[in-house]
Amino acid sequence: MVASGGALSRDGHADAWARGVAMRTLILSDITAEAFAPYGEILDDPATPPRQDQAGQMQNTRKAARANLALVRSEPISGLMPLRRLERHLHSNQAFLPLSVDSYAVIVAPDRDGRPDESGILGFRVPGHVGINYRAGAWHAHMMTLDEPGRFAMLVHEDGTEADCSFATIAPMTISPR
Numbered sequence: 005m006v007a008s009g010g011a012l013s014r015d016g017h018a019d020a021w022a023r024g025v026a027m028r029t030l031i032l033s034d035i036t037a038e039a040f041a042p043y044g045e046i047l048d049d050p051a052t053p054p055r056q057d058q059a060g061q062m063q064n065t066r067k068a069a070r071a072n073l074a075l076v077r078s079e080p081i082s083g084l085m086p087l088r089r090l091e092r093h094l095h096s097n098q099a100f101l102p103l104s105v106d107s108y109a110v111i112v113a114p115d116r117d118g119r120p121d122e123s124g125i126l127g128f129r130v131p132g133h134v135g136i137n138y139r140a141g142a143w144h145a146h147m148m149t150l151d152e153p154g155r156f157a158m159l160v161h162e163d164g165t166e167a168d169c170s171f172a173t174i175a176p177m178t179i180s181p182r
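FYI, in my numbering the residues of the sequence shown are 5 to 182.
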């Protein structure tokens, strides 16, 4: 949900204030499988213990791309730093599995003509024991924890070219975890 501020304030949004533009605020809601489905899958407890194979769809449309299992450090959301861009991986899914995280934010947007549709940006609050798997081509923000710094394991297919990831600038917005 995106809320537009009616009155401008000087609460750390100096760039927006200087331009006379109200900073948009994205209010997070609790993630559900249904709400997140257009963008990917939630990775939660195995449906059949002790292991659930094929828990998420792996996508790789390039023969030269290889699986990259990376470790990612994430910083908490700061009300002073607006979100200014989204990214997508057109040829691969991208999965994040929390290793040391209390809770985190997932920001997504539908695609419109190869760019994020800013009118449809959604923000979700995700518990630290739940992973997510973005579908190939899903516009999303970088990983942001809500309270404390955190660590994730990340899996994506890459070949080292510019086609691995594309970025799009969006109108600046702040994230409200509550």
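For every residue, glycine included, the Cβ atom is placed at its ideal position computed from N, Cα and C.
Tell me, please, which residues DSSP counts as bridged to residue i.
| i | result |
| --- | --- |
| residue 110 | 128 |
| residue 146 | For residue 146, which the question treats as bridged, DSSP gives no partner whatsoever. |
| residue 139 | DSSP lists no partner for residue 139. |
| residue 177 | 28, 87 |
| residue 158 | 74, 100 |
How far does the alpha helix (DSSP H) with residue i in it extend, from its first residue to its last?
| i | result |
| --- | --- |
| residue 99 | Looking at the DSSP string, residue 99 is not in any alpha helix (DSSP H); the run it does join, the beta strand (DSSP E), is 98-104. |
| residue 38 | 37-40 |
Under DSSP, the beta strand (DSSP E) around residue i begins and ends at which residues?
| i | result |
| --- | --- |
| residue 26 | Counting along the chain, residue 26 falls outside any beta strand (DSSP E), and DSSP gives it neither H nor E. |
| residue 81 | Counting along the chain, residue 81 falls outside any beta strand (DSSP E), and DSSP gives it neither H nor E. |
| residue 44 | 44-47 |
Count the other CB atoms within 10 Å of the CB of residue i; is the residue buried (16 or more) or exposed (fewer)?
| i | result |
| --- | --- |
| residue 52 | exposed |
| residue 44 | buried |
| residue 102 | buried |
| residue 98 | buried |
| residue 75 | exposed |
With H, G and I counted as helix, E and B as strand and the rest as coil, what does DSSP make of residue i?
| i | result |
| --- | --- |
| residue 123 | helix |
| residue 186 | Given a span of 5 to 182 for the chain in the structure shown, any question on residue 186 remains unanswerable. |
| residue 94 | coil |
| residue 151 | coil |
Beta carbon of residue i, beta carbon of residue j: below 8 angstroms?
| i | j | result |
| --- | --- | --- |
| residue 150 | residue 181 | yes |
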